[in-house]
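Below is one structure, written out as structure tokens, with a few remarks after it.
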Amino acid sequence: MKKEISSKKAPGAIGPYSQAIQTGNLIFVSGQLPINAETGEMPVDIKAQTHQSIKNIQAILEEAGAGLDSVVKTTVFLADMSYFAPMNEVYAEYFKAPFPARCAFAVKELPKQALVEIEVTASL
Numbered sequence: 003m004k005k006e007i008s009s010k011k012a013p014g015a016i017g018p019y020s021q022a023i024q025t026g027n028l029i030f031v032s033g034q035l036p037i038n039a040e041t042g043e044m045p046v047d048i049k050a051q052t053h054q055s056i057k058n059i060q061a062i063l064e065e066a067g068a069g070l071d072s073v074v075k076t077t078v079f080l081a082d083m084s085y086f087a088p089m090n091e092v093y094a095e096y097f098k099a100p101f102p103a104r105c106a107f108a109v110k111e112l113p114k115q116a117l118v119e120i121e122v123t124a125s126l
């Protein structure tokens, strides 16, 4: 059985998908763009965007009774691999050892011309 997880502290879905789905003890958080849910605005630079994407993930996980420490896998989508180092610097502020498994790669384009989008899988 799957259960929808939704937080008003993260931007709403911009398509036919859920912010997150819980099934059993796993939570699958959809890719989070760096949009501030209160203002609807997106920061300009990669570091601020990475902070915002992770804060959105945090809000969704908290709604499910979890936190960043329960993340087991992340996928980071970047508009350009030149953003990898600054994204990684911010990422390291939020995730501690043992670090989640991770995949990071550049894509041709992200929705709303974002520089980063991050999705995670967490375990309760």
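Numbering (the numbering used here), first residue to last: 3 to 126. Glycine residues also receive a C-beta, built at the ideal position from the N, C-alpha and C atoms.
Suppose contacts are defined by Cβ-Cβ distances below 9 angstroms. Is Gln-21 in contact with Ala-15 by that definition? Judged by beta-carbon spacing, Ala-15 lies within the 9 angstroms limit of Gln-21, meaning their Cβ atoms are closer than that value.
Go through the region 52-122 residue by residue and report every complete run of the alpha helix (DSSP H) that reaches 4 residues or more, in order. Assignment of alpha helix (DSSP H) within the region 52-122, counting only whole runs of 4 or more residues, yields 86-96 in chain order.
Within the continuous beta strand (DSSP E) that includes Ile-7, where are the two ends? 4-7 is the extent of the beta strand (DSSP E) around Ile-7.
What would DSSP say about Ile-48, mapped onto helix, strand or coil? DSSP, read as helix, strand or coil, puts Ile-48 in helix.
Residue closest to Asp-71, alpha-carbon to alpha-carbon, out of Phe-79, Ala-106 and Ile-59: Minimum Cα distance to Asp-71 is reached at Ile-59.
If you follow the beta strand (DSSP E) that Ile-16 is in, where does it begin and where does it stop? Counting along the chain, Ile-16 falls outside any beta strand (DSSP E), and DSSP gives it neither H nor E.
Closest to Val-73 by CA distance: which of Lys-49, Ile-29, Gln-115 and Glu-111 is it? The residue with the shortest Cα to Cα distance from Val-73 is Ile-29.
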